[in-house]
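Engineer:
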Amino acid sequence: MNALVLAVALFAAAAPETGKPAPDFTLPGQDGKPVKLSTLKGSWVVLEWFNKDCPFVRKHYGSKNMQGLQKRYAAKGVKWYSIISSKPGKQGHLTAKEAEGVLKDHEMGSTAILLDPKGTVGRLYQAKTTPHMFVIDPKGTLVFMGGIDDKPTADAEDVPGARNHVAAALDEAMAGKKVSVPTTRPYGCSVKY
Amino acid sequence: MKALLLAALLCPSLAAAGAVRAELLSSRTTAAPAETFNAGLRLVHKPGWHTYWLNPGDSGMATRLDWRLPPGWSAKPFVWPAPQRIVAPPLTSFGYGGDLVLPLELTAPSTPGRALLRATAEWLECAEVCVPGKAVLNLPVTVGLPSRESPDGPRLRAAFDALPRGGPAVSARREDGAVVLVIPGRWPGAEFFPWQPLFEGGSGPVAVGPGRTELSVTLSPGAAAPSELSGVLVRPGEPPVVVAAKVRPGLAALRHLLFAFLGGLLLNLMPCVFPVLSLKVLGLLQRAGGSAAAARGHAAAYAAGVIVAFELLAAALLAARAAGASLGWGFHLQSAPVVAALALLCVLVGLNLLGLFEVGTRLMGIGARASGGSFFSGVFAVVVAAPCTAPFMGAALGWALTRPAPETLAVFGALGAGTAAPFALLASWPALLKRLPRPGAWMETLKKALSVPMFLTALWLLWVLARLLAPAPAADALWKTWSPEAVTASRAAGRTAFVDFTAAWCLSCQVNERVVLSRPEVKAALARGDAFKADWTDRDPAIAAELAAHGRSGVPLYIVYRKGGEPVSLPEILTPKIVLDALGEP
Chain H
202 MNALVLAVAL
212 FAAAAPETGK
222 PAPDFTLPGQ
232 DGKPVKLSTL
242 KGSWVVLEWF
252 NKDCPFVRKH
262 YGSKNMQGLQ
272 KRYAAKGVKW
282 YSIISSKPGK
292 QGHLTAKEAE
302 GVLKDHEMGS
312 TAILLDPKGT
322 VGRLYQAKTT
332 PHMFVIDPKG
342 TLVFMGGIDD
352 KPTADAEDVP
362 GARNHVAAAL
372 DEAMAGKKVS
382 VPTTRPYGCS
392 VKY
Chain F
160 MKALLLAALL
170 CPSLAAAGAV
180 RAELLSSRTT
190 AAPAETFNAG
200 LRLVHKPGWH
210 TYWLNPGDSG
220 MATRLDWRLP
230 PGWSAKPFVW
240 PAPQRIVAPP
250 LTSFGYGGDL
260 VLPLELTAPS
270 TPGRALLRAT
280 AEWLECAEVC
290 VPGKAVLNLP
300 VTVGLPSRES
310 PDGPRLRAAF
320 DALPRGGPAV
330 SARREDGAVV
340 LVIPGRWPGA
350 EFFPWQPLFE
360 GGSGPVAVGP
370 GRTELSVTLS
380 PGAAAPSELS
390 GVLVRPGEPP
400 VVVAAKVRPG
410 LAALRHLLFA
420 FLGGLLLNLM
430 PCVFPVLSLK
440 VLGLLQRAGG
450 SAAAARGHAA
460 AYAAGVIVAF
470 ELLAAALLAA
480 RAAGASLGWG
490 FHLQSAPVVA
500 ALALLCVLVG
510 LNLLGLFEVG
520 TRLMGIGARA
530 SGGSFFSGVF
540 AVVVAAPCTA
550 PFMGAALGWA
560 LTRPAPETLA
570 VFGALGAGTA
580 APFALLASWP
590 ALLKRLPRPG
600 AWMETLKKAL
610 SVPMFLTALW
620 LLWVLARLLA
630 PAPAADALWK
640 TWSPEAVTAS
650 RAAGRTAFVD
660 FTAAWCLSCQ
670 VNERVVLSRP
680 EVKAALARGD
690 AFKADWTDRD
700 PAIAAELAAH
710 GRSGVPLYIV
720 YRKGGEPVSL
730 PEILTPKIVL
740 DALGEP
């Protein structure tokens, strides 16, 4: 953990930037297994900042939009991590056991829920909102960061008509094309650091 | 949601969604036919709760109001009062608390009657947690005569009176990753709220002087600076004002232009350019006594030639990159025919300096009377300077190529102006020329001496050519050939990896390799980890992609992955200490 804090301190100054290497981190999953980003080279990776009680997150889970994305891209080998940076006692914080339950109840297609109760990785990525999305290519380069789509509301009725930036970025990048919209403004609730 | 709808039905003018109570206000119980009158959406927040401004800042959602109006009615969108800053580190949002009125104007139809105006308000209410609020609101208004003010009239007038007004003239300039707003007066407590959602939430005065105050707003990651900055300015003790200004290029851009100009000046001293420039000056000396106007004409034509040639190179490179080619500065030394031609040219110029033939003299337009000759000798100076720009200014020009096209062209223009400046100055002020030694036999000696750097440049180009034609394998057992997979494997094993992005034609790369990377203690340290060499002498798209991933378009680039960790790039000029420190060696 000290090493992690040190690593975070070293790179705290460098804001994540598309086209640059995604900052490395290690976080425990809800199953207790640690996940280290740099060992995932060779795979596409999606990071999703998650707070189950945030209305904007509920918009995408209530409409099954998020689970649909998770499952569609899991089938293509994408590793999808839902990260909780809520501080203990604040909205959205989950223990490993609670997270295991949410993973099942919400029928999530995530590879794992990662627990970041100190908010170190959230701050490392300057995660502002839930949801706040990041797409990383197999070389470890950040290719997309920002809001999940272009309808910044909490209304599930806005899901069908929206341009989903994450799906677009993944489809373009996986086809070897340049990501046409690499950075967007994230929208949602503030991350409860 | 059902409960909410029920509440809306039971209490038609008022709806609550937890911490915020919403209602519609009208300044008229009876409005005159076709009268435009004040109305508004009132949001009453419980203490500690807030809703959001037009630009919500780092998180949140602007409040919305959608009218469903009977025929003949029209409603303007509401006008946003000045927001407050809501700080929850590390996030900053813009919004409102307390008893808020968002004022707007309604226009009644020309026919009298009773109407029930309906609107759906949607907002996000947040304290520590956020809850979306939605309410269907009703507003009964009669149209007829006489017009009658409602008890809410004064409240709505006060809301309109408190709206931001036109403000003072301000200016804005672009800096790296931020826009700086300059306002008149000394305002240490001033706050600026940008309309455009392009900025991070935080902003405050960065420089407070007696006559002016500067406020900086940080651009969101990936956001380009807008051409115009507008928003609400709040100064303590003053009513809020709306300000707007065109965003001008800032000091950062000027600084880059200045460095490009200085780089151009230095270029005159490079082994490939100095002889050509000297020839031009010698030609000028020989024609001493010619008219000053003609000399100025030559100076202007020469400067134009240099600048146009640099701009053409930059434009060609930009066009090639736009077309998807992975080219960086120095690309002209990645093609064997171009290197061969440049080497031949240098030999010819050298021979010419030795006086073996005079064709080159005419080629360089020294004898030519017409300013066209001077123009082409300017172009020629850039052509022979090209081999030198890659090793000495590759990194700076590589940076310039990552900027938007107008900036790139401006930087290359400044480089050209710097290159042309010494000769243009000499030619424009004959008084300066008079300070130079009188023409004489020494000129022939100098010419012969100047042939030496030309031949050296030719030799270097031939060596580059040899490397291009037969790429030598990494002779040293220490250096492995770079590939992304090899680096990934090394990092996964937790080893310290050093990657040397190099090219035969890159002089600073060669200097670093010979002077620093081949020292015994550095080699020993490198051998304890993995040392990779990525040779970009020949064009290699994988290397170009990796350079781009590190924000570069040229070599040298040195990357260290300490114990498999994050990449750290080293300076372009290495010292043993820099390398050993980066590798984590004592």
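Heads up: the protein sequence lines correspond to chains H and F, in order.
Mapping of the first sequence onto our numbering: position 40 corresponds to residue 241, and the numbering continues sequentially without gaps.
Mapping of the second sequence onto our numbering: position 191 corresponds to residue 350, and the numbering continues sequentially without gaps.
By construction, the Cβ of each residue, glycine as well, lies at the ideal position given by its N, Cα and C atoms.
I'd like to know if the segment 265 to 282 of chain F and the segment 245 to 253 of chain F are in contact, where contact means that at least 3 CB-CB pairs between them fall below 8 Å.
Structural biologist: Touching, no, given that fewer than three Cβ pairs across the two stretches are closer than 8 Å.
Engineer: In the DSSP assignment, what residue or residues form a beta bridge with Gly-325(F)?
Structural biologist: Counting from 1 along the second sequence, the entry for residue 325(F) is found at position 166. In DSSP, Gly-325(F) forms a bridge with Val-401(F).
Engineer: Can you find a CB in chain F that lies within less than 8 Å of the CB of Asp-317(H)?
Structural biologist: Position 116 of the first sequence, counted from the start, is the residue given in the question as residue 317(H). Asp-317(H) does not count as touching chain F.
Engineer: Which of the three DSSP states, helix, strand or coil, is assigned to Thr-385(H)?
Structural biologist: Reading the first sequence from its first residue, position 184 is the one you call residue 385(H). DSSP places Thr-385(H) in coil when its eight states are reduced to three.
Engineer: Determine the contact status of Ile-284(H) and Asp-254(H), defining contact as a CB-CB distance below 8 Å.
Structural biologist: Locating residue 284(H) in the first sequence gives position 83, where the first residue counts as 1. Locating residue 254(H) in the first sequence gives position 53, where the first residue counts as 1. Taking 8 Å as the Cβ cut-off, Ile-284(H) and Asp-254(H) do not qualify as a contacting pair.
Engineer: Just list the alpha helix (DSSP H) runs in the segment 645 to 685 of chain F, keeping only unbroken ones of 4 residues or longer that don't cross its boundaries, in chain order.
Structural biologist: Those alpha helix (DSSP H) runs which fall completely within the segment 645 to 685 of chain F and span 4+ residues are 666 to 671.
Engineer: Run the CB neighbour count on Pro-383(H), radius 10 Å, all protein chains shown included, and call it buried at 16 or more, exposed below.
Structural biologist: For the purposes of this step, residue 383(H) is identified with residue 182 of the first sequence, where counting begins at 1. Pro-383(H) comes out buried.
Engineer: With DSSP as the reference, label His-333(H) as helix, strand or coil.
Structural biologist: The residue given as residue 333(H) occupies position 132 in the first sequence. Looking at His-333(H) - three-state DSSP - the assignment turns out to be coil, as it is neither helix nor strand.
Engineer: Verify the CB distance criterion: does Tyr-394(H) have a CB-CB separation below 8 Å to chain F?
Structural biologist: To locate residue 394(H), count along the first sequence from 1; it is residue 193. Cβ-Cβ to chain F under 8 Å: yes for Tyr-394(H).
Engineer: Can you grab the Cα-Cα spacing for the pair Ala-247(F) / Ala-286(F), in whole Å?
Structural biologist: Here the question's residue 247(F) lines up with position 88 in the second sequence. Here the question's residue 286(F) lines up with position 127 in the second sequence. About 10 Å.
Engineer: Output yes if chain H places a C-beta closer than 8 Å to the C-beta of Thr-647(F); else output no.
Structural biologist: Locating residue 647(F) in the second sequence gives position 488, where the first residue counts as 1. True, the Cβ-Cβ gap to chain H drops below 8 Å.
Engineer: Under a three-way DSSP split, which group does Tyr-461(F) fall into?
Structural biologist: Within the second sequence, numbered from 1, the residue matching residue 461(F) stands at position 302. The answer is helix: DSSP assigns Tyr-461(F) an H, G or I state.
Engineer: Who are the neighbours of Lys-291(H) on chain F, taking C-beta pairs under 7 Å?
Structural biologist: As a working note, residue 291(H) is residue 90 in the first sequence. Correct list: Glu-287.
Engineer: Which chain F residues are close to Lys-272(H), counting only those with a beta carbon under 8 Å from its beta carbon?
Structural biologist: As a position in the first sequence, residue 272(H) is number 71, starting the count at 1. Within 8 Å Cβ-Cβ: nothing; Lys-272(H) doesn't reach chain F, min ~26 Å.
Engineer: Should Met-220(F) be flagged as near chain H, meaning a C-beta pair shorter than 8 Å?
Structural biologist: Taking the second sequence and counting its residues from 1, the one referred to as residue 220(F) is at position 61. Cβ-Cβ to chain H under 8 Å: yes for Met-220(F).
Engineer: Any beta-carbon of chain H closer than 8 Å to the one on Gly-723(F)?
Structural biologist: The sequence position of residue 723(F) within the second sequence is 564, counting from 1. Yes, Gly-723(F) lies at the interface with chain H (some Cβ there is under 8 Å from its Cβ).
Engineer: Would you say Pro-380(F) faces chain H, with C-beta separation under 8 Å as the test?
Structural biologist: In the second sequence, the residue the question calls residue 380(F) occupies position 221. Answer yes: the Cβ-Cβ gap between Pro-380(F) and chain H drops below 8 Å somewhere.
Engineer: Residues of chain H with CB under 8 Å from Arg-650(F), in chain order?
Structural biologist: Within the second sequence, residue 650(F) is the residue found at index 491, counting from 1. Per Cβ cutoff of 8 Å: Ser-239 and Lys-242.
Engineer: According to the neighbour-count rule (16 or more other Cβ atoms, all chains shown, within 10 Å of its Cβ), is Val-518(F) buried or exposed?
Structural biologist: By 1-based counting over the second sequence, the position of residue 518(F) is 359. Any answer about Val-518(F) is weak, because its pLDDT of 45 lies below 50 and its placement is not dependable; what the coordinates show is given next. The residue in question, Val-518(F), is exposed, as its Cβ has fewer than 16 Cβ neighbours within 10 Å.
Engineer: Whether or not the segment 697 to 708 of chain F and the segment 665 to 678 of chain F are in contact is what I'm after, with contact meaning three or more pairs of Cβ atoms, one per stretch, closer than 8 Å; do they touch?
Structural biologist: Contact fails: fewer than three Cβ-Cβ distances are below 8 Å.
Engineer: Would His-266(F) and Ser-233(F) be called neighbours here (beta carbons separated by less than 8 Å)?
Structural biologist: To locate residue 266(F), count along the second sequence from 1; it is residue 107. To locate residue 233(F), count along the second sequence from 1; it is residue 74. This sequence places Thr at residue 266(F); His is not what is there. Yes, these two residues count as a Cβ contact at 8 Å.
Engineer: Am I right that Leu-200(F) and Leu-224(F) are in contact with their C-beta atoms under 8 Å? What's the rounded C-beta distance?
Structural biologist: Reading the second sequence from its first residue, position 41 is the one you call residue 200(F). Reading the second sequence from its first residue, position 65 is the one you call residue 224(F). Right, their Cβ atoms sit about 5 Å apart.
Engineer: My guess is that Ser-381(H) and Lys-329(H) are in contact by the Cβ rule of under 8 Å, so how many angstroms apart are they, rounded?
Structural biologist: Against the first sequence, residue 381(H) aligns to sequence position 180. Against the first sequence, residue 329(H) aligns to sequence position 128. Wrong, their Cβ atoms sit about 22 Å apart, outside the cutoff.
Engineer: Who are the neighbours of Asp-254(H) on chain F, taking C-beta pairs under 8 Å?
Structural biologist: Mapped onto the first sequence, residue 254(H) falls at position 53. Val-288, listed in chain order.
Engineer: Within this structure, are the beta carbons of Pro-715(F) and Ser-649(F) separated by less than 8 Å?
Structural biologist: Within the second sequence, residue 715(F) is the residue found at index 556, counting from 1. Within the second sequence, residue 649(F) is the residue found at index 490, counting from 1. Cβ atoms of Pro-715(F) and Ser-649(F): not closer than 8 Å.
Engineer: Do you know how far the Cα of Lys-305(H) is from the Cα of Phe-251(H)?
Structural biologist: Counted from its first residue, the first sequence places residue 251(H) at position 50. Counted from its first residue, the first sequence places residue 305(H) at position 104. For Phe-251(H) and Lys-305(H), the distance between alpha carbons rounds to 15 Å.
Engineer: Do we get a CB-CB distance below 8 Å when we pair Pro-291(F) with the residues of chain H?
Structural biologist: Here residue 291(F) corresponds to residue number 132 of the second sequence, with the count starting at 1. Closer than 8 Å to some Cβ of chain H, the Cβ of Pro-291(F) qualifies, so yes.
Engineer: Which of the three DSSP states, helix, strand or coil, is assigned to Leu-295(H)?
Structural biologist: As a working note, residue 295(H) is residue 94 in the first sequence. DSSP places Leu-295(H) in coil when its eight states are reduced to three.
Engineer: Can a CB atom of chain F be found closer than 8 Å to the CB of Met-375(H)?
Structural biologist: Locating residue 375(H) in the first sequence gives position 174, counting from the first residue. It does not: the Cβ of Met-375(H) has no partner Cβ on chain F nearer than 8 Å.
Engineer: When Cβ atoms are compared, which residues of the segment 320 to 338 of chain H fall closer than 7 Å to chain F?
Structural biologist: The segment 320 to 338 of chain H vs chain F, Cβ under 7 Å: Arg-324, Lys-329 and Thr-330.
Engineer: Taking just the CA atoms, how far does Glu-358(H) sit from Pro-291(F)?
Structural biologist: Indexing the second sequence from 1 puts residue 291(F) at position 132. Indexing the first sequence from 1 puts residue 358(H) at position 157. For Pro-291(F) and Glu-358(H), the distance between alpha carbons rounds to 14 Å.
Engineer: If you follow the alpha helix (DSSP H) that Ser-587(F) is in, where does it begin and where does it stop?
Structural biologist: As a first step, residue 587(F) must be located in the second sequence, where it is residue number 428. Here the alpha helix (DSSP H) through Ser-587(F) covers 564 to 587.
Engineer: Give the straight-line distance between the Cα atoms of Leu-184(F) and Leu-340(F), rounded to the nearest whole angstrom.
Structural biologist: For the purposes of this step, residue 184(F) is identified with residue 25 of the second sequence, where counting begins at 1. For the purposes of this step, residue 340(F) is identified with residue 181 of the second sequence, where counting begins at 1. C-alpha separation (whole angstroms): 36 Å.
Engineer: Which residues in chain H have a C-beta closer than 9 Å to the C-beta of Gly-710(F)? List them in chain order.
Structural biologist: Walking along the second sequence from the start, residue 710(F) turns up at place 551. Near Gly-710(F) (Cβ distances below 9 Å), the residues of chain H are Glu-218, Gly-220 and Lys-221.
Engineer: For Lys-260(H), which residues in the same chain have their Cβ closer than 6 Å to its Cβ, ignoring the five residues on either side in sequence?
Structural biologist: Locating residue 260(H) in the first sequence gives position 59, counting from the first residue. Only Ala-355 and Ala-357 meet the Cβ criterion.
Engineer: Have a look at Pro-229(F) and Leu-298(F) and give me their C-alpha separation to the nearest angstrom.
Structural biologist: By one-based count along the second sequence, residue 229(F) stands at place 70. By one-based count along the second sequence, residue 298(F) stands at place 139. If I take the Cα positions, the gap works out to 12 Å.
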